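Position one of the sequence shown corresponds to residue 137 (the working numbering), numbered consecutively onward. For every residue, glycine included, the Cβ atom is placed at its ideal position computed from N, Cα and C. Keep in mind that this is a model prediction, so the values were computed, not measured.
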Amino acid sequence: MLKAAEELELKRKALQVRRNILRLIKAGKAGHVGGALSMAEVLTALYFRVMKIDPARPDWPERDRLVVSAGHKALVLYAALAARGYFEEKLLDTYGSLGCRLPGHPDMHKLPGVEASTGALGHGLSIAGGMALGLRLSGLPSRVFVVMGDGELAEGSNWEAAAAAGHHKLENLVVIVDRNGLQISGPTVEVMTYEPLEERWKAFGWATRRMNGHDFGAILKTLGETPFERGKPSAIVADTVKSKGLPFAEGKVEYHYWKPPAEELAQAERDLAEIERTLG
Ligand SMILES: Cc1ncc(C[n+]2csc(CCOP(=O)(O)OP(=O)(O)O)c2C)c(N)n1
Ligand SMILES: [Mg+2]
């Protein structure tokens, strides 16, 4: 059981991550907000509790790795890395400027803590599978976490990577699918369904669980139980709400990418202030 004080601390961190996402959008005047906000709790849990990392040594060989395969979720990655101290938060204000270190999709050569350059959907799992296999061959205890979008699963390359990870029994590999039910142009079940998600992963040799992706108790319990089965990679389907935290945008496909008019930006700031008020 997660203690109340620890849960409150994590909720405050997730709020800081959401504030950083908004800060990035203010700087860049636009961004992929929906799928960033739906992963705020998961990345907070990974960076502040689950992953074995040292922000002062981003290339420490024994670190755990996070590959954000759905690279358009860059905002939540930058927001969490800044909150965790990989770089100064004021760097967030450069988002969207020419030649900046925080491009629209993450570039591993530009920013400490970014483990893989992603953005073209469907490549992160192959990269992460290779990392996991390499770590095992090197005798390192590190683990590789991958965040994927549910719409991203329509890319066929994912399933080749999933089969390979099952075949190689990559127990040190953990996928988290952000099942927010939406992709760029509509509900995932209408655009290209891969439901039932858990059954698909199981068929490729993975052990699976489902969790509420906004509930720290559920997230820490589920991640704490990985690997779910000896000799299998783990896949977690995280039930989430796209644009979580901004009620006017929650669950709406229109907010996959957001170029906020001034009044919506002001509303978003009020919404986050309201979350802060409820946290006390
Ligand atoms: C190979 C490829 N095809 C298309 C796109 C355009 N694209 C960007 S985001 C997106 C939808 C992704 O949906 P999902 O994975 O569910 O992301 P989320 O809902 O978490 O934002 C698409 C099709 C892309 N980035 N890469
Ligand atoms: Mg989605």
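Could you give the C-beta distance for residue 285 and residue 314, rounded to a whole number, given that I count them as a contact under 8 angstroms? 5 angstroms
Using only alpha-carbon positions, find the residue among 138, 254 and 405 that is nearest to residue 204. 254
Leaving out the 5 sequence neighbours to the left and right, which residues in its chain are closer than 6 angstroms to residue 196 when beta-carbon positions are compared? 190
Check this for me: beta carbons of residue 222 and residue 239, under 9 angstroms apart or not? no
Would you kindly check if the distance between the Cβ of residue 342 and the Cβ of residue 371 is under 9 angstroms? yes
Which residue comes first and which comes last in the alpha helix (DSSP H) that contains residue 148? 140-164
For residue 344, which of helix, strand or coil comes out of DSSP? strand
Determine the direct distance from the alpha carbon of residue 274 to that of residue 390, and round the result to whole angstroms. 45 angstroms
With a threshold of 8 angstroms, are at least 3 pairs of Cβ atoms found where one atom belongs to the region 144-162 and the other to the region 170-182? yes
Nearest-residue set for ligand 2, Cβ under 7 angstroms from any heavy atom: 171, 285, 286, 287, 314, 316, 317, 318, 319, 324 and 378
State buried or exposed for residue 137, treating a residue as buried only when at least 16 other CB atoms are found within 10 Å of its CB. exposed
Indicate, with yes or no, if ligand 1 has a heavy atom lying under 8 angstroms from the CB of residue 321. yes
Does the beta-carbon of residue 409, which I'm using as the reference point, lie nearer than 8 angstroms to any heavy atom of ligand 1? no
So, do the region 331-342 and the region 260-280 have three or more beta carbon pairs nearer to each other than 8 angstroms? no
Where the beta strand (DSSP E) containing residue 312 begins and where it ends: 309-315
Assuming residue 151 and residue 415 make a contact with CB atoms under 8 angstroms, what is their CB distance in whole Å? 7 angstroms
Ends of the beta strand (DSSP E) at residue 375? 370-375
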